[in-house]
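Student: Dumping the structure here so I can ask a few things about it.
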Amino acid sequence: MLPKATKKEPVLFQTGSGLLMGLVCYHHGMETLSFVLEKREFFDLEWPAIVAIDAQGWHPIPLMLEHIVMQRSNVIWYTTAIPDLLVKQYRERLPIKPDTPPEPPTPPKQPTKTPKEKIVLFPRFKHD
2 MLPKATKKEP VLFQTGSGLL MGLVCYHHGM ETLSFVLEKR EFFDLEWPAI VAIDAQGWHP
62 IPLMLEHIVM QRSNVIWYTT AIPDLLVKQY RERLPIKPDT PPEPPTPPKQ PTKTPKEKIV
122 LFPRFKHD
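Per the working numbering, the very first residue in the sequence shown carries number 2; after that it's consecutive.
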């Protein structure tokens with residue numbers, strides 16, 4: 002099993018359903034972003050958002066899904082050159098900020114100590 006992804010980069014995609022953006026996850030020690038986007042058949046995308054375009058500009062609309070798996074064959078084109086304003090709006094709308102480190106795991110609960118078992122001796126039969 003691969004170790005947990007260590008780097009996340011925002012990427013804008015054109016799919017058959019429209020524009021989509023999210024954080025592409027990859028292992029920076031073993032892969033590059035371009036390798037993941039060009040060579041891997043499937044890759045992880047965190048916090049996907051649909052990008053709507055109107056007279057006021059581009060607006061990310063988060064899908065409120067923490068994680069999806071993208072298939073490369075469904076991507077028509079992609080770019081990492083995303084306008085700063087779009088990236089800023091995207092990050093503001095995320096329920097969890099990707100720049101902050103994840104909360105440390107809570108330690109497991111200690112089992113409650115049971116009182117020491119008492120051994121009850123039954124009276125012995127006398128053999129006469």
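Just so it is clear, CB atoms sit at the ideal spot from N, CA and C, and this is done for glycine as well.
Leaving out the 5 sequence neighbours to the left and right, which residues in its chain are closer than 8 Å to Gly30 when beta-carbon positions are compared?
Tutor: Locating residue 30 in the sequence shown gives position 29, where the first residue counts as 1. Thr7, listed in sequence order.
Student: So, does the segment 16–25 touch the segment 40–50, judging by three or more C-beta pairs under 8 Å?
Tutor: In short, these stretches touch, since the Cβ pair count reaches three.
Student: Does Leu21 come out as helix, strand or coil in the three-state DSSP assignment?
Tutor: Taking the sequence shown and counting its residues from 1, one reaches residue 21 at position 20. Three-state result, Leu21: strand.
Student: Look at the alpha carbon of Ser35 and the alpha carbon of His28, and state the distance between them as a whole number of angstroms.
Tutor: Here residue 35 is taken as the residue at index 34 of the sequence shown, counted from 1. Here residue 28 is taken as the residue at index 27 of the sequence shown, counted from 1. Each residue's alpha carbon lies about 12 Å from the other.
Student: Determine the contact status of Gln90 and His60, defining contact as a CB-CB distance below 9 Å.
Tutor: To locate residue 90, count along the sequence shown from 1; it is residue 89. To locate residue 60, count along the sequence shown from 1; it is residue 59. Cβ atoms of Gln90 and His60: closer than 9 Å.
Student: Could you compute how far the alpha carbon of Glu67 sits from the alpha carbon of Ile97?
Tutor: Counted from its first residue, the sequence shown places residue 67 at position 66. Counted from its first residue, the sequence shown places residue 97 at position 96. In a straight line, the C-alpha of Glu67 is about 9 Å away from that of Ile97.
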